[in-house]
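Numbering-wise (our numbering), the sequence shown opens with residue 333 and increments by one.
See below for the structure under consideration.
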Amino acid sequence: MGQIPPIEIPASSNIVTVRVIDTTTRLHMPVGSMFDPVIKGHTTLASPSYSFLIENERLERKVLYDLGTQQKWQEQAPCVVDILELMGGMSESKKMSQTFLKNMDHWHWDHLGDPSTFPTSTDVIVGPGFLEEFLPGGKPIEDSPIKEEYYKDRNLREISEAHFNLKFGEFAAFDYFGDGSFLLINSPGHAIGHMCALARTTTNPDTFIFMGGDIASHAGEFRPTKYVPLPSLISPNPLNFLSPKPCPGHLFENIHPKRCGNKPFYRMGTWPDGDPTNEDVPAAVESQQKLQLVDAHADQVFVILSHDENCAALTTILMIHFIVLPPEISKYVPGIEERTLAILDGPRSKPRHTLEFWRIVRERSNNCVCSGSTSTSATTRGTQFSGDSKPSSSILTKVLFDVRNDDDAYTAISASACDDPHRRAKREQWKSI
């Protein structure tokens, strides 16, 4: 691994709480559309569509970043319905609560939600170029994917290029709350007005969650890199969590399209007609390159994409390997039980434990693909367990996760796309607990 250049981050002592909401939508698509090439063993996607609730408790303000998919997809704009019918529809999504404020990371149907369900006092925030593209002169274009009821009688606010007057790494940024706790990131390429977001979740040390929207559809589009290449040995073993032996990194180099360990596995894909899946390919490539440097600072910035199946895997790993602690876990990660309990039960004053846990969880997530539970959170609070040792209704950790004790959480394990026999056995074990 070479020297990782530092990234510039605006200073602040203010933080926000981030909750990741699984809208329960699953977009079933072949690999090769959103990204390619197709690698044997990874040919289809069942992508979630996450929404993010950001809360600034000090200012008593909330923003919903990315609205996910609309619950009744047949009621979207006619041009959108036509496309979805060609795709065969989609899995049903849950309706978002009307108590949230909202911000679209971009205008595509799987991020637009249904803004008409929100009070008209709620602003709709869009990115650079949106108004000129869809409402030139204040009038909607013909056959627009944006229904008039989405913005009628409310403030439709565009964050223009001129607003992005700060720097985050190589990105241009806009301080949304004005206190350094939450930045909107100009990340053009995928769609007109596409924005990512950066939430500061702790201070001293500063840690962040980077919400990537559709800057990429899979982490393999920006990993590995020259900053963080594939290691020669991967430990703990991502193919068998209980194995005392590390996984040789060359196993993954052997399936890499370029047989290397310092370039991303995937590149941006194309639709069946040959058109690229990104509006502006050069700009999209540049945005991903900027993301590579941010992602290299994994001890400080946690990257999550709107359609990232791996984040659901993190929830699964958390439930199996950290909440219901098997006896074997201390054998391959010394002290993990003590560190985990320190995070679950401890206050914010234990950042080194938090960062260590963050790194451990991230290592386990890199090569897992599974379905997830219904809600996650980015706060650090105490945890309680019910008498049968299953998670109670609120398991909260620094990283991301609030796993609900309901059928969805258990179904998530059994629906995992990881078909390794050992993992199947672990899922059956989990169901019997």
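Glycine residues also receive a C-beta, built at the ideal position from the N, C-alpha and C atoms.
- Task: Classify I587 as helix, strand or coil using the three-state DSSP reduction.
- Result: The answer is helix: DSSP assigns I587 an H, G or I state.
- Considering only the beta carbon of each residue, do P578 and S567 sit closer than 8 Å? The Cβ atoms of P578 and S567 sit closer than 8 Å to each other.
- Message: Using a 10 Å radius around the Cβ and a threshold of 16 neighbouring Cβ atoms, would you call R591 buried or exposed?
- Response: R591 is exposed by the Cβ-count criterion.
- Query: Short check: CB of Q624 to CB of A548, under 8 Å?
  - Reply: Pairing Q624 with A548 gives a Cβ-Cβ distance that is not under 8 Å.
- Given 8 Å as the limit, is there contact between the stretch 373-389 and the stretch 350-361, that is, 3 or more CB pairs closer than that? The stretch 373-389 is in contact with the stretch 350-361.
- Message: Which of the three DSSP states is assigned to A504 in this structure?
- Response: Secondary structure of A504 (DSSP, three-state): strand.
- Message: With three or more C-beta pairs closer than 8 Å as the rule, is the stretch 626-644 touching the stretch 584-600?
- Response: Contact between the stretch 584-600 and the stretch 626-644 is absent, because fewer than three Cβ pairs lie under 8 Å.
- Continuous alpha helix (DSSP H) stretch holding V613: start and end: DSSP places V613 inside the alpha helix (DSSP H), whose first and last residues are 613-628.
- Message: Looking at the strands, I want to know which residues DSSP matches up with A378.
- Response: Paired residues: H360.
- Identified DSSP bridge partners for N518: N518 is bridged to A504, M527.
- Which class does L565 belong to by DSSP, given the choice of helix, strand or coil? In the structure shown, L565 adopts extended strand secondary structure according to DSSP, grouped into three states.
- Count the other CB atoms, across all protein chains shown, that sit within 10 Å of the CB of I360; report buried if there are 16 or more and exposed otherwise. Reading off the sequence shown, one finds His at residue 360, where the question assumed Ile. Looking at its Cβ environment, which holds fewer than 16 other Cβ atoms inside 10 Å, H360 is exposed.
- Message: What does DSSP give as the partner residue(s) for R532 in the beta ladder?
- Response: Under DSSP, R532 takes part in a beta bridge, and its partners are F540.
- Query: What's the gap between the Cα of T452 and the Cα of E480?
  - Reply: Looking at the backbone, the Cα of T452 and that of E480 are separated by about 13 Å.
- Message: Checking 8 Å against the spacing of the C-beta atoms, do V458 and G525 come in under that value?
- Response: Yes, Cβ-Cβ distance for V458 and G525 is below 8 Å.
- Task: Please go through the same chain and pick out, in chain order, the residues whose beta-carbon is closer than 8 Å to the beta-carbon of F462, but skip the five residues on each side of it.
- Result: Excluding positions up to five away in sequence, the list reads W439, E490, I524, G525.
- Message: Can you find the residues in the same chain that come closer than 7 Å, C-beta to C-beta, to L562, ignoring five residues on each side of it along the sequence?
- Response: Closer than 7 Å at Cβ, skipping near neighbours: P556, G581, F584, E585, G593.
- Message: I need the DSSP call for F384, collapsed to helix, strand or coil.
- Response: The three-state reading of DSSP puts F384 in strand, counting E and B together.
- Message: Please report the straight-line C-alpha distance between S448 and E464, rounded to a whole angstrom.
- Response: Their backbone Cα atoms lie some 21 Å apart in a straight line.
- Which same chain residues, not among the five before or five after P472, have their C-beta less than 8 Å away from its C-beta? F466, I478, E480, listed in sequence order.
- Task: Apply the 10 Å Cβ neighbour rule to P342 and answer buried if 16 or more other Cβ atoms are within range, or exposed otherwise.
- Result: Flag for P342 reads exposed.
- Item | For T602, the residue or residues it bridges with in DSSP | Paired residues: P608.
- Message: Under DSSP, the beta strand (DSSP E) around L463 begins and ends at which residues?
- Response: It is not in any beta strand (DSSP E) - L463 instead sits in the alpha helix (DSSP H) that spans 462-466.
- Could you tell me whether the Cβ atoms of G544 and C528 are closer together than 8 Å? Here G544 is near C528, since their CB atoms are less than 8 Å apart.
- Message: Within a Cβ cutoff of 6 Å, which residues of the same chain sit near D368, ignoring the five residues on either side of it in sequence?
- Response: Cβ neighbours of D368 beyond the five flanking positions: G601.
- From E611, E641, K372, V456, residue whose alpha carbon lies closest to that of D485: That would be V456, whose Cα lies nearest to the Cα of D485.
- Own chain partners of V320 with C-beta closer than 6 Å, once the 5 adjacent residues on each side are dropped: No statement about residue 320 is possible, as the shown extent of the chain runs from 333 to 765 and does not include it.
- Since L515 contacts Y508 with CB under 8 Å, what's their CB separation in whole angstroms? Contact flag correct, Cβ pair sits at about 7 Å.
- Query: Would you call the CB atoms of L399 and S379 closer than 8 Å?
  - Reply: L399 is not a Cβ neighbour of S379, given a cutoff of 8 Å.
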